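S.K.:
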Amino acid sequence: MMRLRLLISLTMLLAACGGGTANPDDNPSVTDPGITDPSADAGVPDAGSTDAGTPDAGASDGGPVDAGPGPVDGGSSDAGTDPQPVPEVERPFTLPKVQTSLPEYVLTMPPETLAKFMANPLTEEQDATFQANGKTFPVKVRLRGASARYFEKKSWNVSFADKDKFEGRTSLNLIAEYADASMLAEKISYDLLAAMRVPASKATFVRLSVNGQYEGVFLEVEQVNKAFVKARQFPDDDATIYRAGWKDTEFKTWKVPYQGDWVKKTNESEPDDALWEVLDVINHTPEPQLVAALEKNLELESYVRSMVLDALMSNNFVEDSESYFIHDDITGRWRYVPWDLNNVDARWWYTNSVQDQSASTSNMKHPLFNFTLLDGWVEKMYLQRKLEQGSYPGYLPTFSNMGTRVVLNPVLRARLEARLDKALDELFTSKVMDPYIDQLHALIDASMKTDPYMDYAKFSAGKAYMKRFVQFRRDFVKAEVKRLKAQQSTLVMEAFDPREGWVEVGNHGTEPVSLKGMTLTTNLRVSLAGGGYAPTIVKAPTGAVLDHMTVPPGQRVRLTGALLGITFPAKGEVGLFDGTSVVGMKDALFYGELPAGKHYVRGEDGWEVR
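All the letters of the sequence shown, read from the start, carry residue numbers 125 to 734 under my numbering.
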């Protein structure tokens, strides 16, 4: 209904204004538009706070973004004396308030039903009852998670009928956090997103009992569904929600056979044309138009800030996250909503001892920028998973094409670094995070003492561990930013004409550089010159291993597809690699189809079309 009302209102407004003289989609700002989220706070109430009937201040649900408080008297008659609203990007990043108590949730089901779940964690939904706040609801329950289903402490999904919504919600995710001995990493991750005003799920600690037995502390993570959309008052309250495919979240236009398809969660009967159109925008927009195209089609600022979260909390298994992608038909833009943040490397892996975790930094050194072609751990995952052919047949290196385009584009890279600097200055500091960690730990401490599955000694030590993580990771990230700025490839692609079939490579260094053994590829996931794993070795017509050719300093050489046996698609990607590492990228370009007579040229400020 809201969609219909807004469309009617927009039509009437355009008619009254004569349609206007400017196209609002023309030349969108590429400097700093800020987040374009709604200004009203209609987030999910914090059931654990003393005033659970009202949302927390500080945008604890991550949804609301406003321009700051307006004049309390409605503004003076002399508008020139009113203070100007603070631009959204200048507003400080502020952590949400910590809840003051733990809600009590109770699940009850027939003993044989519970036994069925324990015997077969893949058992489908079963009938049960859910109790909270003195009310009882008929529900459907199942175990949730992939590997988490097989942990001793089970995670649950609880579904409510539309007529029996619980606090406006039709689904609850009760995460056991068994794999994180600190219990804090996922909660902190969602709260950091809230602090940066990124619309994402709200996370609330709760106590859970099942069939009369106390099961411990759980993290209730808000489901991304229509209730999520309505709670944030997005312009389109009937937005189309997709979930990324199994082992994907790469924003590519094709997938490896083991990866799953995009899953539409709402408006299932409508065609998927809009999804494929935006994936084409992400992958094939000519580089000179990239920023404007992404601003027009995506909530880009929100996505950039989610990349900041990945950097701060060392988000590793993004490919496994099956994160959400929401299309707002009113704005025409798509919104990325991160998911599965219990996999951030900030967690204390449950098998690690107190002694080991008190000194180790191995999980704190994930290089920047996560899940892009700059991320050295893309190769780490590749080396591991290519050997696991039972689960990942034909495995290829996984990374986000959208994230990679952000870090390769000078304007977007500068914006990402600016937001990261802001978070490091205002948010991710020991001064801010240490007392917040103390509050979270104290909130659940008493309930953790009687948690039947978790190691209380590890949980107790988790407070100091998480503070150490913040300090070490902060220093590491700052050093990484400096490293990447200093680490500039001397070999770059200077010009490219896919129609004519050639690439020019220039040497910006002071010494001659041999191209022998390097690779030129039209598939950035296939870039190796040799080795024992055939799927990642370049071969015609996708790519080629370069032979004896030296590029003098300050000069360039032309590589032709005809001589190398390479066919350049009209639109696609092209990269120059060292030939030995799947992240050994010297330079890369995502490109779109150009008119006849036009080609790509690297100018002073980036790629141009001439």
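Glycine included, every Cβ here is placed at the ideal spot set by N, Cα and C. Source: prediction; values computed, not measured.
Within the chosen definition, does the stretch 625–633 reach the stretch 681–695 through at least 3 CB pairs nearer than 8 angstroms?
M.R.: With a cut-off of 8 angstroms, the stretch 681–695 and the stretch 625–633 count as touching, because enough Cβ pairs lie within range.
S.K.: Among residues of its own chain, excluding the 5 on either side of G730, which ones have a beta-carbon nearer than 6 angstroms to its beta-carbon?
M.R.: The count along the sequence shown starts at 1 and reaches residue 730 at position 606. Hits under 6 angstroms: P534.
S.K.: Check whether the stretch 410–422 and the stretch 533–548 touch, using three or more Cβ-Cβ pairs below 8 angstroms as the test.
M.R.: As far as the Cβ criterion goes, the stretch 410–422 touches the stretch 533–548, which means the pair count is three or higher.
S.K.: Kindly list the residues whose CB is nearer than 7 angstroms to the CB of T614, restricted to its own chain and excluding five residues on each side of it in sequence; keep chain order.
M.R.: Locating residue 614 in the sequence shown gives position 490, where the first residue counts as 1. Same-chain partners within the cutoff: N631, H632, G633 and V637.
S.K.: Please classify H632: does DSSP put it in a helix, a strand, or coil?
M.R.: Here residue 632 refers to the residue found at position 508 when the sequence shown is read from its first residue. Correct three-state label for H632: coil.
S.K.: Helix, strand or coil: which one does DSSP assign to R457?
M.R.: Taking the sequence shown and counting its residues from 1, one reaches residue 457 at position 333. DSSP places R457 in coil when its eight states are reduced to three.
S.K.: Which residue from L648, T247 and R623 puts its Cα closest to that of S524?
M.R.: Here residue 524 refers to the residue found at position 400 when the sequence shown is read from its first residue. Of the listed residues, the one whose Cα sits closest to S524 is L648.
S.K.: With which residues is A327 paired in a DSSP beta bridge?
M.R.: Sequence index remark: in the sequence shown, residue 327 carries index 203 (1-based). Paired residues: V345.
S.K.: Going by Cα to Cα distance, which pick from T224, E236, R597 and K609 is closest to V432?
M.R.: Against the sequence shown, residue 432 aligns to sequence position 308. Per the Cα distances, R597.
S.K.: With burial defined as no fewer than 16 other Cβ atoms inside 10 Å of the residue's Cβ, what is the status of K259: buried or exposed?
M.R.: On the sequence shown, residue 259 is found 135 positions in, with the first residue counted as 1. Exposed, since its Cβ has fewer than 16 Cβ neighbours within 10 Å.
S.K.: Helix, strand or coil for Q208 per DSSP?
M.R.: Residue mapping note: residue 208 aligns to position 84 of the sequence shown, counting from 1. Of the three classes helix, strand and coil, the one that applies to Q208 here is coil, per DSSP.
S.K.: Three-state secondary structure (DSSP) at A171?
M.R.: For this step, residue 171 is matched to residue 47 along the sequence shown. Interpretation of A171 is limited by its pLDDT of 41, a score under 50 that renders its predicted location unreliable; the figure taken from the coordinates is listed afterwards. Looking at A171 - three-state DSSP - the assignment turns out to be coil, as it is neither helix nor strand.
S.K.: Taking Cβ positions, are A319 and L226 nearer each other than 8 angstroms?
M.R.: If you number the sequence shown from 1, residue 319 lands on position 195. If you number the sequence shown from 1, residue 226 lands on position 102. No, the pair does not count as a contact, with Cβ atoms beyond the cut-off.
S.K.: Pull the bridge partners of Q255 from the DSSP assignment, please.
M.R.: Residue mapping note: residue 255 aligns to position 131 of the sequence shown, counting from 1. Answer is V230 and T260.
S.K.: Pull up the distance between the alpha-carbon of R682 and that of R537, whole angstroms please.
M.R.: Here residue 682 is taken as the residue at index 558 of the sequence shown, counted from 1. Here residue 537 is taken as the residue at index 413 of the sequence shown, counted from 1. When rounded, the distance between both Cα atoms is 28 angstroms.
S.K.: Would you call M437 buried or exposed, if buried means 16 or more other Cβ atoms sit within 10 Å of its Cβ?
M.R.: Working through the sequence shown from its first residue, we reach residue 437 at position 313. It counts as buried.
S.K.: The beta strand (DSSP E) spanning R293 covers which residue range?
M.R.: Position 169 of the sequence shown, counted from the start, is the residue given in the question as residue 293. Counting along the chain, R293 falls outside any beta strand (DSSP E), and DSSP gives it neither H nor E.
S.K.: If I follow the unbroken alpha helix (DSSP H) through W501, where does it start and stop?
M.R.: Walking along the sequence shown from the start, residue 501 turns up at place 377. Where W501 is concerned, the enclosing alpha helix (DSSP H) stretches over W501 to R509.
S.K.: Within the same chain, show all residues whose beta-carbon is closer than 7 angstroms to that of K573, passing over the 5 residues directly before and after it, in chain order.
M.R.: As a position in the sequence shown, residue 573 is number 449, starting the count at 1. Within the same chain, K573 has close Cβ partners Y580.
S.K.: Nearest-angstrom Cα distance between F290 and P262?
M.R.: Locating residue 290 in the sequence shown gives position 166, where the first residue counts as 1. Locating residue 262 in the sequence shown gives position 138, where the first residue counts as 1. Looking at the two C-alpha atoms, the distance is approximately 11 angstroms.
S.K.: Closest by CA to E346, which one among P207, I299 and N421?
M.R.: Locating residue 346 in the sequence shown gives position 222, where the first residue counts as 1. Looking at the Cα atoms, I299 is the closest of the given residues.
S.K.: Beta-carbon within less than 6 angstroms of G186's beta-carbon, same chain only, minus the 5 sequence neighbours each way: which residues are those?
M.R.: Taking the sequence shown and counting its residues from 1, the one referred to as residue 186 is at position 62. Residue confidence for G186 is low, a pLDDT of 37 falling below 50, so the modelled location carries little weight and cannot support an answer.
S.K.: What would DSSP say about N244, mapped onto helix, strand or coil?
M.R.: The residue you call residue 244 lines up with position 120 of the sequence shown. N244 falls in the coil class under three-state DSSP.
S.K.: Short of 8 angstroms in beta carbon distance, which residues of its chain neighbour G194, apart from the five on each side in sequence? Order them along the chain.
M.R.: By one-based count along the sequence shown, residue 194 stands at place 70. Per-residue confidence for G194 stands at a pLDDT of 36, beneath the threshold of 50, marking its modelled position as unreliable; the derived number appears in the next sentence. Correct list, in chain order: P209.
S.K.: Using the C-alpha atoms, what's the distance from D545 back to K555?
M.R.: For the purposes of this step, residue 555 is taken as the residue at position 431 of the sequence shown. For the purposes of this step, residue 545 is taken as the residue at position 421 of the sequence shown. The straight-line gap from Cα to Cα measures roughly 16 angstroms.
S.K.: Can you grab the Cα-Cα spacing for the pair M709 / G678, in whole Å?
M.R.: Looking up residue 709 in the sequence shown gives position 585. Looking up residue 678 in the sequence shown gives position 554. Near 20 angstroms, if we compare the C-alpha coordinates of G678 and M709.
S.K.: Roughly how far, in whole angstroms, is the beta-carbon of T294 from the beta-carbon of N349, given that I think they are within contact range, below 8 angstroms?
M.R.: As a first step, residue 294 must be located in the sequence shown, where it is residue number 170. As a first step, residue 349 must be located in the sequence shown, where it is residue number 225. T294 to N349, Cβ: 7 angstroms. Contact.
S.K.: Taking only beta-carbon positions, decide if A256 is within less than 8 angstroms of chain D.
M.R.: The structure shown contains no chain D; it holds only a single protein chain.
S.K.: So what's Q250 in DSSP terms, helix, strand or just coil?
M.R.: Within the sequence shown, the letter at position 126 stands for residue 250. Strand.
S.K.: Excluding sequence positions up to five away, which residues of its chain have a Cβ less than 7 angstroms from the Cβ of D372?
M.R.: In the sequence shown, the residue the question calls residue 372 occupies position 248. If we look at D372 and ignore the five residues flanking it on each side, its Cβ neighbours are K379, Q383, G384 and E443.
S.K.: Find the nearest neighbour of V662 within the set H672, S651 and L670, judged by alpha-carbon distance.
M.R.: Taking the sequence shown and counting its residues from 1, the one referred to as residue 662 is at position 538. Closest option to V662, Cα to Cα, is S651.
S.K.: Between the Cα of L424 and those of R459, F701, V605 and D549, spot the shortest distance and give me the residue it belongs to.
M.R.: The residue labelled residue 424 in the question sits at position 300 within the sequence shown. Per the Cα distances, R459.
S.K.: In or out: K609 buried (at least 16 other Cβ within 10 Å) or exposed?
M.R.: Position 485 of the sequence shown, counting from 1, holds the residue named residue 609. Result: exposed.
S.K.: Check H451 in the structure and name its three-state DSSP category.
M.R.: For the purposes of this step, residue 451 is taken as residue 327 along the sequence shown, with counting starting at 1. Of the three classes helix, strand and coil, the one that applies to H451 here is strand, per DSSP.
S.K.: Taking the alpha helix (DSSP H) that G721 belongs to, which residues open and close that run?
M.R.: In the sequence shown, residue 721 corresponds to position 597, counting from 1. No alpha helix (DSSP H) holds G721; DSSP gives it neither H nor E.
S.K.: So is E411 buried or exposed if we call it buried at 16+ other beta carbons inside 10 Å?
M.R.: In the sequence shown, counting from the first residue as 1, residue 411 sits at position 287. E411 should be labelled buried.
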